[in-house]
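Asks: Take a look at the following structure, please.
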Amino acid sequence: MSDLGTVLGATGIESAINGVWNSNTALAAAVPVNRLITGRVPPSEEMPYVRLEPEGGREMVRTNASLYSAVNIHFHIWSDTYDVGNAVAGLIQAAFASIAFNWGRGAVLDMKLDGPPVSRQATTPEIKAWETTVNFTCSTWQQRQD
Numbered sequence: 169m170s171d172l173g174t175v176l177g178a179t180g181i182e183s184a185i186n187g188v189w190n191s192n193t194a195l196a197a198a199v200p201v202n203r204l205i206t207g208r209v210p211p212s213e214e215m216p217y218v219r220l221e222p223e224g225g226r227e228m229v230r231t232n233a234s235l236y237s238a239v240n241i242h243f244h245i246w247s248d249t250y251d252v253g254n255a256v257a258g259l260i261q262a263a264f265a266s267i268a269f270n271w272g273r274g275a276v277l278d279m280k281l282d283g284p285p286v287s288r289q290a291t292t293p294e295i296k297a298w299e300t301t302v303n304f305t306c307s308t309w310q311q312r313q314d
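Sequential numbering of the sequence shown, starting at 169, is according to our numbering.
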């Protein structure tokens with residue numbers, strides 16, 4: 169873990185999202201892949217940056233070898249202005265809505281956008297920024313590990 173949270177690179181859905189992000193030139197130009205992170209981010213982080221927050225999956229179907237789940241993915245975009253956050257949110261929506269991609273032992277079968285982006289201004293003594301959140305529900309498949 170770095171001082172700026174965890175830069176994505178682990179195996180699993182986070183790593184696969186990292187790969188999709190890195191291969192999208194518009195998205196990578198707006199927010200370089202080294203500013204797509206998980207974990208806690210100190211307020212001094214250069215903006216814009218995106219904190220990826222995957223929520224645990226809800227099991228939908230289990231077979232003898234596979235597990236199909238619904239996983240919520242939240243992209244928290246932190247920026248100096250509303251306009252920058254809103255622009256990055258549009259790029260995330262364009263890059264991830266309704267796509268499918270693989271990772272080492274599984275795949276995202278579909279990413280469904282959960283409503284429009286939501287923005288709020290954070291004005292604490294430590295943070296003066298805009299947070300814009302883009303939410304998806306992912307249908308996933310993975311090899312069972314149990």
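We put the beta carbon where it would ideally sit given N, CA and C, even for glycine.
#1: I need the straight-line Cα distance from Val276 to Gly180, nearest angstrom please.
#2: Does the distance from the C-beta atom of Pro216 to that of Val252 stay below 9 Å?
#3: Does the Cβ-Cβ distance between Ser183 and Gly283 come in under 9 Å?
#4: Provide the residue span of the alpha helix (DSSP H) that contains Thr193, from first to last.
#5: According to DSSP, simplified to helix, strand and coil, what is Ala184?
#6: What are the complete alpha helix (DSSP H) segments, minimum 4 residues, inside the region 235-270?
#7: Would you grab the beta carbon distance between Thr305 and Ala233 for me? Rounded to a whole angstrom, and I think it's under 8 Å.
#8: Cβ atoms of Thr231 and Arg288: under 9 Å apart, would you say?
#9: Does DSSP put Val286 in a helix, in a strand, or in coil?
Replies: To lay it out plainly:
#1: Position 108 of the sequence shown holds residue 276. Position 12 of the sequence shown holds residue 180. Whole-angstrom Cα-Cα distance: 10 Å.
#2: Mapped onto the sequence shown, residue 216 falls at position 48. Mapped onto the sequence shown, residue 252 falls at position 84. Contact: yes.
#3: Residue numbering aside, residue 183 sits at position 15 when the sequence shown is read from its first letter. Residue numbering aside, residue 283 sits at position 115 when the sequence shown is read from its first letter. Cβ distance not < 9 Å, so Ser183 and Gly283 don't count as in contact.
#4: Taking the first residue of the sequence shown as 1, we reach residue 193 at position 25. Note, Thr193: alpha helix (DSSP H), 193-198.
#5: Along the sequence shown, one-based indexing puts residue 184 at 16. Correct three-state label for Ala184: helix.
#6: 250-264
#7: Looking up residue 305 in the sequence shown gives position 137. Looking up residue 233 in the sequence shown gives position 65. That pair is no contact at about 24 Å.
#8: Indexing the sequence shown from 1 puts residue 288 at position 120. Indexing the sequence shown from 1 puts residue 231 at position 63. Not a contact, by the Cβ cut-off of 9 Å.
#9: Position 118 of the sequence shown, counted from the start, is the residue given in the question as residue 286. Looking at Val286 - three-state DSSP - the assignment turns out to be strand.
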